[in-house]
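K.L.:
Have a look at the structure that comes next, please.
Number of protein chains: 2
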Amino acid sequence: MVKKTGRPGYLQIADDLREQIRGGALAPGAPLPSTAQLAEQYDASLSIVKMAVGILRNEGLVIGQQGKGVFVREDEQPEKRPATDLASEVIELRTAIQDLSERLARVESTLSESRRSPK
Amino acid sequence: MVKKTGRPGYLQIADDLREQIRGGALAPGAPLPSTAQLAEQYDASLSIVKMAVGILRNEGLVIGQQGKGVFVREDEQPEKRPATDLASEVIELRTAIQDLSERLARVESTLSESRRSPK
DNA sequence: TAGGTCAACATAGTTAACCTAGTTGGCTTG
DNA sequence: CAAGCCAACTAGGTTAACTATGTTGACCTA
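Protein sequences, first through last, are from chains A and B. Under the working numbering, the first residue of the first sequence is numbered 9, with each subsequent residue one higher. Under the working numbering, the first residue of the second sequence is numbered 9, with each subsequent residue one higher.
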């Protein structure tokens with residue numbers, strides 16, 4: 009299945025799955041084929057499939073549930089805002105990241121201290 | 009180097025490098041240590057380091073040049089960035105938020121559990 | 001029947017090894 | 001000296017095998 013373009017196999021598979029999700033062939037909430045099935049389907053090794061799925065997972069397109077499977081994310085954000093609002097959304101998101109980072113740093117340092125001197 | 013938080017090593021390393029870049033410890037244009045050096049530095053396997061670098065590469069934070077090294081991207085002014093890139097930045101920020109949220113949830117639950125039943 | 005066990009399957013993380021290919025610098029040879 | 005070869009580095013792609021952990025269903029037993 010993987011074509012002999014210069015593009016690495018794990019990206020080709022990630023592209024293909026992404027396409028299937030965007031195109032609706034894999035509906036939100038639907039499970040992807042198992043790693044083993046995908047490996048056979050694309051005639052690729054398990055590692056390659058895992059890398060491809062890992063990319064989609066990292067992109068948030070897909071959510072892996074250990075022991076169950078990998079599912080297409082049920083996203084409810086259908087193009088609500090016009091493109092002109094993208095800039096403000098970026099600012100919004102930056103603020104959220106700042107906030108999360110601070111909380112995380114605080115709580116992680118607390119955690120490491122309590123590990124160093126328990127109780 | 010990799011701490012025994014629940015967070016996988018390749019993400020810890022990616023986080024650390026990302027931090028160094030954002031913080032200026034690794035200036036734009038500067039080369040990262042080689043894969044082998046990073047592996048020794050973090051006391052991790054080559055594969056893990058490659059995964060971590062692959063993440064940063066995927067995020068566009070870093071550019072790998074085969075045969076030479078991996079270099080911190082010399083970023084052009086964000087102001088001049090065309091609007092078409094805003095969308096991809098939103099995606100990037102979203103994944104960052106998702107990532108931070110997961111870390112936060114994990115570490116906060118760890119904290120509350122250790123309060124409930126201290127080891 | 002209710003409950004426990006166990007095998008099979010799933011994702012996820014990690015490691016080690018092998019291969020390709022680009023770059024660099026030093027050494028040899030013409 | 002100049003050209004070319006070569007060894008030693010670099011990143012990147014691929015594969016296989018192992019561990020950990022979660023889920024499910026079938027089966028056995030009390």
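Beta carbons are placed, not taken as given, at the ideal position from N, Cα and C, and that holds for glycine.
Where A:V54 and A:G32 are concerned, what is the direct C-alpha to C-alpha distance, given to the nearest angstrom?
P.N.:
Here residue 54 of chain A refers to the residue found at position 46 when the first sequence is read from its first residue. Here residue 32 of chain A refers to the residue found at position 24 when the first sequence is read from its first residue. First, the amino acid is wrong: residue 54 of chain A is Leu here, not Val. Going by the C-alpha atoms only, they are around 25 Å apart.
K.L.:
Rounded to whole angstroms, what is the Cα-Cα separation between A:G75 and A:S42?
P.N.:
Within the first sequence, numbered from 1, the residue matching residue 75 of chain A stands at position 67. Within the first sequence, numbered from 1, the residue matching residue 42 of chain A stands at position 34. Looking at the two C-alpha atoms, the distance is approximately 11 Å.
K.L.:
Do A:E52 and A:I21 have their CB atoms nearer than 8 Å?
P.N.:
Position 44 of the first sequence, counted from the first residue, corresponds to residue 52 of chain A. Position 13 of the first sequence, counted from the first residue, corresponds to residue 21 of chain A. The amino acid occupying residue 52 of chain A in the given sequence is Ala; Glu does not appear at that position. Closer than 8 Å, so yes.
K.L.:
Look at the Cβ atom of B:G14, then the Cβ atom of B:I56, and state whether they are nearer than 8 Å.
P.N.:
As a working note, residue 14 of chain B is residue 6 in the second sequence. As a working note, residue 56 of chain B is residue 48 in the second sequence. Not a contact, by the Cβ cut-off of 8 Å.
K.L.:
Taking 6 Å as the limit between beta carbons, can you name the residues of its chain near A:L46, skipping five residues before and five after?
P.N.:
Along the first sequence, read from residue 1 onward, the residue named residue 46 of chain A stands at position 38. Cβ neighbours of A:L46 beyond the five flanking positions: V57.
K.L.:
Is B:Q73 helix, strand or coil by DSSP?
P.N.:
Taking the first residue of the second sequence as position 1, residue 73 of chain B is located at position 65. Three-state DSSP puts B:Q73 in a strand.
K.L.:
For the alpha helix (DSSP H) that A:S55 lies in, which residues bound it at each end?
P.N.:
Position 47 of the first sequence, counted from the first residue, corresponds to residue 55 of chain A. A:S55 -> alpha helix (DSSP H) spans 54–67.
K.L.:
Quick check: the Cα distance between B:Q73 and B:A38, rounded to an integer number of angstroms?
P.N.:
Looking up residue 73 of chain B in the second sequence gives position 65. Looking up residue 38 of chain B in the second sequence gives position 30. Each residue's Cα considered, the two are about 12 Å apart.
K.L.:
Which value, in whole angstroms, describes the spacing of the CA atoms of A:L19 and A:E67?
P.N.:
The residue you call residue 19 of chain A lines up with position 11 of the first sequence. The residue you call residue 67 of chain A lines up with position 59 of the first sequence. Rounded to the nearest angstrom, the two C-alpha atoms are 13 Å apart.
K.L.:
Can you give the Cα-Cα distance for A:Q49 and B:R65, rounded to whole angstroms?
P.N.:
Walking along the first sequence from the start, residue 49 of chain A turns up at place 41. Walking along the second sequence from the start, residue 65 of chain B turns up at place 57. Distance from the CA of A:Q49 to the CA of B:R65, rounded to the nearest whole angstrom, comes to 28 Å.
K.L.:
How about A:P36 and A:V78: do their beta carbons lie closer than 8 Å?
P.N.:
The residue you call residue 36 of chain A lines up with position 28 of the first sequence. The residue you call residue 78 of chain A lines up with position 70 of the first sequence. Cβ atoms of A:P36 and A:V78: not closer than 8 Å.
K.L.:
Note down the Cα distance separating B:E27 from B:L69, rounded to an integer number of angstroms.
P.N.:
As a position in the second sequence, residue 27 of chain B is number 19, starting the count at 1. As a position in the second sequence, residue 69 of chain B is number 61, starting the count at 1. If you take the alpha carbons of B:E27 and B:L69, they lie about 11 Å apart.
K.L.:
Would you report the Cα separation of B:A44 and B:V61, rounded to the nearest angstrom?
P.N.:
Taking the second sequence and counting its residues from 1, the one referred to as residue 44 of chain B is at position 36. Taking the second sequence and counting its residues from 1, the one referred to as residue 61 of chain B is at position 53. In a straight line, the C-alpha of B:A44 is about 12 Å away from that of B:V61.
K.L.:
Within the continuous alpha helix (DSSP H) that includes A:G37, where are the two ends?
P.N.:
As a working note, residue 37 of chain A is residue 29 in the first sequence. DSSP places A:G37 outside any alpha helix (DSSP H), giving it a letter other than H or E.
K.L.:
Ignore the nearest five residues each way along the sequence and tell me which others in A:E82's own chain have a CB closer than 7 Å to its CB.
P.N.:
Taking the first sequence and counting its residues from 1, one reaches residue 82 of chain A at position 74. Correct list, in chain order: P36, G37.
K.L.:
Among the residues of its own chain, which have a CB less than 6 Å from the CB of B:L34, if the five just before and after it don't count?
P.N.:
Taking the first residue of the second sequence as 1, we reach residue 34 of chain B at position 26. The answer, listed in chain order, is Q28, V80.
K.L.:
Note down, in chain order, each residue of its chain lying with its Cβ closer than 6 Å to the Cβ of A:D93, except the 5 sequence neighbours on either side.
P.N.:
Here residue 93 of chain A corresponds to residue number 85 of the first sequence, with the count starting at 1. Summary for A:D93: the model assigns pLDDT 46, below 50, so the residue's position carries little reliability, and this model does not support an answer.
K.L.:
Taking the C-alpha atoms as reference points, what is the distance between B:R30 and B:I63?
P.N.:
As a working mapping, residue 30 of chain B is identified with position 22 in the second sequence. As a working mapping, residue 63 of chain B is identified with position 55 in the second sequence. Cα to Cα, B:R30 sits roughly 15 Å from B:I63.
K.L.:
Less than 6 Å between C-beta atoms, sequence neighbours within five positions excluded: which residues of the same chain meet that for B:M59?
P.N.:
Counting from 1 along the second sequence, the entry for residue 59 of chain B is found at position 51. Result list for B:M59: Y18, in chain order.
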